[in-house]
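Chemist:
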Amino acid sequence: MDPLFSTVEYAMGGLQLRLDTIAHNVANVNTPLYRSMRVDFESGLAAALAAGTPAPDARPEIVAGSDLVDRNGTSVSLENELTDMTKSSLERQVMVSSFNYKVDILKAAAGTQR
630 MDPLFSTVEY
640 AMGGLQLRLD
650 TIAHNVANVN
660 TPLYRSMRVD
670 FESGLAAALA
680 AGTPAPDARP
690 EIVAGSDLVD
700 RNGTSVSLEN
710 ELTDMTKSSL
720 ERQVMVSSFN
730 YKVDILKAAA
740 GTQR
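Numbering (the numbering used here) for the sequence shown: 630 to 743.
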C-alpha cells in the first residue's frame with residue numbers, strides 16, 4: 630500500500646478529532662471554569678515521517694489548551710477557536726486534494742479514469 634494513503638488517513642483522523650474538539654470548546658465558551666482542549670497529532674506525524682514510516686502507531690492526543698482565563702474562569706477564546714477551525718478545515722481540504730491527486734495518478738497509470 631502506498632504510504633501516502635496511511636499518512637493522509639492519520640492526518641484526516643487527527644484533523645477530524647481537532648474539529649470535534651474545537652466544537653466542544655465553542656459549545657462550552659460560556660461555561661464557568663471550563664478549560665479548553667487541543668489536539669496534537671502533528672508531532673507524531675512528523676516523527677513518523679522523519680523515521681521514514683508512513684504513519685505513526687500513536688493516536689492523536691487531546692491536551693490542555695490555554696492557561697489564560699477570562700472573568701468567568703474559562704480559557705476558551707472564541708476568536709482563537711474560530712481561527713483554528715478555519716485553519717483545520719483548510720488543512721483537511723488539502724489532505725482530500727492530495728488523496729484525490731494520488732488516486733488520479735494511480736488510475737491514469739492503470740489506464741482507467743474517474
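We put the CB at the ideal spot given by N, CA and C, even for glycine. Values in this document were obtained by computation on a predicted structure and should not be read as measured data.
#1: Taking the alpha helix (DSSP H) that residue 647 belongs to, which residues open and close that run?
#2: Thinking just about the alpha-carbon of each residue, which of 694, 635, 676, 682 is nearest to the one in residue 713?
#3: Please name the residue, chosen from 654, 701, 640, that lies closest to residue 708 on a Cα-to-Cα basis.
#4: Is DSSP giving residue 733 helix, strand or coil here?
#5: Look at the alpha carbon of residue 674 and the alpha carbon of residue 656, and state the distance between them as a whole number of angstroms.
#6: What would DSSP say about residue 669, mapped onto helix, strand or coil?
#7: What is the DSSP secondary structure of residue 693, reduced to helix, strand or coil?
#8: Please report the distance separating the alpha-carbon of residue 681 from that of residue 664.
#9: What residue from 637, 634, 649 has the CA that sits closest to residue 691's CA?
#10: Quick check on residue 723: does DSSP put it in helix, strand or coil?
#11: So the candidates are 645, 658, 646, 632; which of them puts its Cα closest to the Cα of residue 699?
Modeler: According to the structure data:
#1: Looking up residue 647 in the sequence shown gives position 18. Where residue 647 is concerned, the enclosing alpha helix (DSSP H) stretches over 632 to 656.
#2: Here residue 713 is taken as the residue at index 84 of the sequence shown, counted from 1. The option with the nearest alpha carbon to residue 713 is 694.
#3: For the purposes of this step, residue 708 is identified with residue 79 of the sequence shown, where counting begins at 1. Shortest Cα-Cα distance from residue 708 to any of 654, 701, 640 involves 654.
#4: The residue you call residue 733 lines up with position 104 of the sequence shown. Note: residue 733 maps to helix in three-state DSSP.
#5: Position 45 of the sequence shown, counting from 1, holds the residue named residue 674. Position 27 of the sequence shown, counting from 1, holds the residue named residue 656. Whole-angstrom Cα-Cα distance: 28 Å.
#6: Here residue 669 refers to the residue found at position 40 when the sequence shown is read from its first residue. Correct three-state label for residue 669: strand.
#7: Here residue 693 refers to the residue found at position 64 when the sequence shown is read from its first residue. Residue state, collapsed to three classes: strand.
#8: Residue mapping note: residue 681 aligns to position 52 of the sequence shown, counting from 1. Residue mapping note: residue 664 aligns to position 35 of the sequence shown, counting from 1. Their backbone Cα atoms lie some 36 Å apart in a straight line.
#9: Sequence index remark: in the sequence shown, residue 691 carries index 62 (1-based). For the residues 637, 634, 649, the minimum Cα distance to residue 691 belongs to 649.
#10: Within the sequence shown, residue 723 is the residue found at index 94, counting from 1. Three-state DSSP puts residue 723 in a helix.
#11: The sequence position of residue 699 within the sequence shown is 70, counting from 1. Checking every option, the nearest Cα to that of residue 699 belongs to 658.
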